[in-house]
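Q:
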Amino acid sequence: MSSKRRPTRSSLIWSSQSGPVAAPRYRPRTPAPAPEGTVGPDTEPRATETVGRAARIRAPRPVAPASRDQRARREPRRRTAEAATQPVVPARPANPVAAGSESGLHPLTDRAMNRRLRDYEERTKRAFDDIVPVLKRLSALGWTPDFEHQAQRIAEAELGFQLPSRLLEDAWVAGLDIRTLFAWTVFETYRRMADEFFLNDPLCGRDTEGFDQMIQDCGFHLFDVTPCADGRLAHAVSYVLRLPFAAVRRKSYAGSLFDVENTVAKWVEVELGRYREGKPNTADTPTRYLKAAIYHYSSVDPTHQGCAAHGSNEAVAATAAIERLSAFREAVENSFCCGASVALLLIGLDTDTDAIRIHLPDAMGQLSPAQGVDAAKVHAMTRDLSAEAARSRIAELVRTHAPASADAGMVRLAAQLIENNLSQIDYVRQYQGGHYPDIGHAERFVGAGIGFEEIQLRNLTYFAYLDTVEEGAADLDVGCTIFRGLNVAHGLPIPVVIRFDYHGRVPGARDRAVQRCQRLDLALADRFEGLAAQGMLHRLLAVRDRDAESGIEVIGDSLGLIVAEGH
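Heads up: the sequence shown begins at 1 in full-length UniProt numbering, then just goes up one per residue.
1. Could you tell me how far apart the beta carbons of Ala-376 and Ile-425 are, in whole angstroms, since I believe they sit closer than 8 Å?
2. Let me know the secondary structure DSSP gives Val-342 once reduced to three states.
3. So Val-248 packs on Val-237, CB below 8 Å; how close in whole Å?
4. If we require 4 or more residues per run, which alpha helix (DSSP H) segments fall completely within the segment 158–184?
5. Leu-360 CB to nearest chain B CB: under 8 Å?
6. Measuring CB atoms only, is the segment 192–208 touching the segment 403–416, in the sense that at least three cross pairs come out at less than 8 Å?
7. Alpha carbon to alpha carbon, how far is Trp-184 from Leu-561?
8. Excluding the 5 residues flanking Leu-476 on each side, which residues of the same chain have their C-beta closer than 6 Å to its C-beta?
9. If you compare alpha carbons, which of Cys-218, His-379, Pro-369, Ser-341 is closest to Ala-355?
10. How is the beta strand (DSSP E) around Lys-266 delimited, first residue to last?
11. Cβ atoms of Thr-382 and Arg-393: under 8 Å apart, would you say?
12. Could you check whether Asp-521 and Ile-494 sit closer than 8 Å to each other, using their CB atoms as the reference points?
13. If contact is defined by three or more beta carbon pairs under 8 Å, each pair taking one atom from either stretch, is the segment 269–276 in contact with the segment 325–335?
14. How many angstroms separate the CA atom of Gln-371 from the CA atom of Leu-346?
15. Beta carbon of Ala-387, beta carbon of Leu-167: below 8 Å?
16. Indicate whether Leu-141 and Gly-551 have their beta-carbon atoms separated by less than 8 Å.
17. Select from Ala-151, Ser-298, Val-554, Met-364 the residue whose C-alpha is nearest the C-alpha of Ala-541.
18. Need the endpoints of the alpha helix (DSSP H) that Thr-400 sits in, please.
19. Pair every Cβ in the segment 472–486 with every Cβ in the segment 431–448, then say whether three or more of these pairs are closer than 8 Å.
20. Quick check on Met-536: buried or exposed, where buried means 16 or more other Cβ atoms within 10 Å of its Cβ?
21. Less than 8 Å between the CB atoms is what I'm expecting for Val-260 and Arg-324, so what's the real figure, rounded?
22. If I follow the unbroken alpha helix (DSSP H) through Thr-303, where does it start and stop?
23. Would you mind working out which of Cys-337, Ile-178, Leu-138 sits nearest His-490, comparing C-alpha positions?
24. Under a three-way DSSP split, which group does Val-248 fall into?
25. Let's see if you can read the secondary structure: which residues bound the alpha helix (DSSP H) around Glu-481?
26. Please work out which residues of its chain come closer than 7 Å, Cβ to Cβ, to Ala-254, disregarding the five sequence neighbours upstream and downstream, and give them in chain order.
27. Quick check: Ala-321 and Ala-293, are their CB atoms within less than 8 Å of each other?
28. Can you give me the C-alpha to C-alpha distance between residue 642 and Tyr-502, rounded to a whole angstrom?
29. On the three-state DSSP scale, how would you describe Ile-131?
30. So within the segment 310–388, which uninterrupted alpha helix (DSSP H) runs reach at least 4 residues, ignoring any that extend past its ends?
31. Leaving aside the five residues before and after Gly-504 along the sequence, list all residues of the same chain whose C-beta is less than 8 Å from its C-beta, in chain order.
32. Hey, could you find the ends of the beta strand (DSSP E) Gly-530 is sitting in?
33. When we look at the beta-carbon of Asp-69 and count the other beta-carbons within 10 Å, is it buried (16 or more) or exposed?
So this is what it looks like as structure tokens:
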């Protein structure tokens with residue numbers, strides 16, 4: 001980590017207490033038998049299982065794939081640069097060394113999943129990033145008798161879909177309406193991305209059985225995570241922590257300052273499900289509801305690219321998250337007299353490298369921002385070990401540097417999260433040269449409402465989870481400020497996707513979701529009246545039936561170009 005953020009310490013972490021806590025060794029789920037010649041589970045945990053799942057899922061349909069020649073030109077340069085920085089490995093090392101260290105990767109890194117995640121990220125982001133270059137080409141064409149034909153040919157070839165003919169037909173009158181066309185293409189690209197996500201499950205996020213068993217073995221029945229609404233944390237579940245998104249409750253808020261009442265209501269819902277349905281386990285099982293908050297910071301530019309909601313002050317961000325977590329626990333204790341059923345966890349994320357820092361609570365549930373296990377340092381300390389030795393060393397480091405009274409199950413879970421994060425650290429090193437080039441904001445659109453399970457990519461979407469504008473005013477204002485710099489400053493409108501998910505089994509649920517979309521649409525236009533009047537704020541309205549596990553249903557927009565889909 002950068003010395004600018006905190007003083008350098010000689011130890012792995014800093015701790016006010018000592019004394020290891022005995023914890024059962026975590027045994028990852030057994031992967032499917034590997035084909036002959038593949039790396040076994042002792043050297044790459046879960047890699048063969050990941051490959052097996054990928055083979056059973058239909059290959060995603062690329063929206064606008066790059067050519068093979070383009071990829072070929074990029075990859076050799078990256079490999080050459082990496083090879084130049086690798087130390088010479090003796091032919092016969094004195095100690096067993098994992099194969100991963102020779103390639104520069106950690107022995108526990110899941111290479112197969114890294115390749116799969118990289119492919120999905122590249123295809124999806126490229127689809128959005130191709131929009132502006134295509135519109136520039138169309139703008140440069142000028143109007144000619146065959147303008148519409150040329151424009152559709154370019155759009156079909158580069159974006160994978162045709163443009164609204166009405167906008168092209170009217171271009172001869174006052175020129176091409178680039179702002180409207182930009183918003184429409186962003187919305188259409190989002191719709192296609194969402195359809196692919198729910199149809200093909202490209203991240204294997206619905207395979208939850210192994211995770212559900214593991215987390216219950218650690219003493220928890222639900223993992224509820226609140227990252228900051230910042231788009232640089234949108235990939236926290238599927239990429240950074242490498243967890244199946246369908247098994248984790250994620251709700252993002254600016255500054256990780258989640259709504260306590262809403263979270264208590266979710267806790268009540270989960271506990272009632274345990275009593276009435278035995279899901280995710282029965283009420284007499286001694287497990288707890290685990291609530292985690294993820295604050296963030298920047299190692300490259302700590303004073304400017306940290307959390308905007310906390311003035312890029314890492315300490316303030318961590319402390320505020322702890323206070324909100326403590327308020328949730330206190331609310332449960334005061335309302336239901338069962339605080340023991342709530343567990344808390346604090347996670348820090350370096351948004352430049354995706355390395356996490358885990359702060360474990362003591363036996364009383366108290367968290368300290370000054371005590372945490374840094375995954376980047378764990379990576380450095382274990383990368384030259386074999387996979388089995390590295391896993392044992394990680395567990396030892398977490399036990400040693402956790403609070404002396406820390407719960408054994410929490411220690412075990414933290415060790416697993418650290419291990420998972422090692423793959424993401426290598427992912428950023430492999431594909432981004434150590435840290436992301438876009439250390440600041442680079443979101444493509446704002447997501448407002450309830451839902452967005454399909455948003456699992458970094459810097460794709462700024463979240464504003466809310467039912468009403470008043471409820472999420474702070475989040476919306478932060479998002480608007482971000483997009484004034486990203487889009488408005490360059491003459492482009494702010495695209496906002498308004499989305500409400502509902503349970504189709506509940507009578508009238510869809511109608512109520514539609515009404516929420518429409519109310520939020522009107523409220524957004526009113527709150528940001530100046531932008532809306534200038535055509536600099538456009539909205540897409542969509543709903544989704546969670547029970548059907550289907551894609552989104554578009555019900556309208558502010559452009560007057562999208563026809564609502566039939567229900």
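Quick reminder that beta carbons are idealized off the backbone N, C-alpha and C, glycines included.
A: Here's the rundown:
1. 6 Å
2. strand
3. 5 Å
4. 165–169, 171–174
5. Absent from the structure is chain B; it holds one protein chain and no more.
6. no
7. 8 Å
8. Ala-464
9. His-379
10. Where Lys-266 is concerned, there is no enclosing beta strand (DSSP E), although the alpha helix (DSSP H) it sits in stretches over 260–276.
11. yes
12. no
13. no
14. 10 Å
15. no
16. no
17. A quick correction: the sequence has Leu, not Ala, at residue 541. Out of Ala-151, Ser-298, Val-554, Met-364, Val-554 has the C-alpha closest to the C-alpha of Leu-541.
18. 387–401
19. yes
20. buried
21. 7 Å
22. Per DSSP, Thr-303 belongs to no alpha helix (DSSP H) and is neither H nor E.
23. Ile-178
24. strand
25. Per the sequence shown, the amino acid found at residue 481 is Thr instead of Glu. 473–486 is the span of the alpha helix (DSSP H), which, as asked, contains Thr-481.
26. Cys-228, Ala-229, Ala-309, Ala-474, Asp-475, Val-478
27. yes
28. Only positions 1 to 567 of the chain appear in this structure, which leaves residue 642 out of reach.
29. helix
30. 314–336, 375–382
31. Arg-510, Asp-545, Arg-546, Asp-547, Ala-548
32. Run containing Gly-530: none in the beta strand (DSSP E); it sits in the alpha helix (DSSP H), 529–533.
33. For Asp-69, the predicted model reports a pLDDT of 46, less than 50, meaning its position is unreliable; a value from the coordinates is still stated below. Asp-69 is exposed by the Cβ-count criterion.
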